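Taking my numbering, the leading residue of the sequence shown gets 22, the next gets one more, and so forth.
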Amino acid sequence: QNNVELDFFQSNFEGEIVDKIQECLGTVDGIIINAAGYTHTSVAIRDAIAAVALPTIEVHISNVYRREEFRQKSLIAPVCSGTIVGFGPFGYHLALMGIIQICEQIKNLRAMQQAQQTNK
22 QNNVELDFFQ
32 SNFEGEIVDK
42 IQECLGTVDG
52 IIINAAGYTH
62 TSVAIRDAIA
72 AVALPTIEVH
82 ISNVYRREEF
92 RQKSLIAPVC
102 SGTIVGFGPF
112 GYHLALMGII
122 QICEQIKNLR
132 AMQQAQQTNK
């Protein structure tokens with residue numbers, strides 16, 4: 022329906038996650054990430070997301086705001102387009118819908134800018 026191609030990646034190693042995010046530059050239109058425990062600790066993952074500057078949605082299966090206080094602070098949320106928490110695995114579907122919407126908005130904006138350039 023939306024002509025979307027997905028690539029899945031899972032790792033428990035911070036460096037591999039950073040490498041995968043960096044590999045996304047120029048090859049994908051958006052990122053959906055569940056950084057698990059690295060959400061609260063990884064400046065490296067945060068910096069990688071910021072560096073690639075792709076639409077990125079952070080997903081957490083559980084509602085982190087109903088858990089321990091230290092789990093309520095995300096280092097990566099400020100560099101993401103949005104965050105989805107507490108919807109269980111359905112959160113990934115919501116994130117995909119969000120990424121599709123953001124990419125459509127970017128595509129439409131670029132088309133408008135190109136049309137304006139052509140009309141000058």
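Glycine included, C-beta positions come from ideal geometry on N, C-alpha and C.
Keep in mind it's a predicted model, so treat the numbers as computed, not measured.
Classified as buried, LEU75 has 16 or more neighbouring CB atoms from the shown chains inside 10 Å of its CB. Closest in C-alpha terms to ALA57, from the list LYS41, MET118, LYS128, PHE34, comes PHE34.
Taking the Cα positions, ASN55 is about 17 Å away from VAL73. Fewer than three pairs of CB atoms, one per stretch, sit closer than 8 Å, so the segment 28-46 makes no contact with the segment 99-107. For ILE53, the uninterrupted beta strand (DSSP E) run begins and ends at 52-54, by DSSP. By the CB criterion at 9 Å, GLU79 and ALA98 fall inside the cutoff. Boundaries for ILE123: no beta strand (DSSP E) harbours it, while the alpha helix (DSSP H) harbouring it runs 111-139, taken from the DSSP string. Counting C-beta atoms within 10 angstroms of its own C-beta, VAL39 has 16 or more neighbours from the protein chains shown and is therefore classed as buried. Rounded to the nearest whole angstrom, the C-alpha separation of ASN23 and ILE121 is 8 Å. In its chain, beyond the 5 residues on either side, ASP50, GLY51, PRO76 have a beta carbon closer than 7 Å to the beta carbon of CYS124. DSSP places ILE105 inside the beta strand (DSSP E), whose first and last residues are 103-106.
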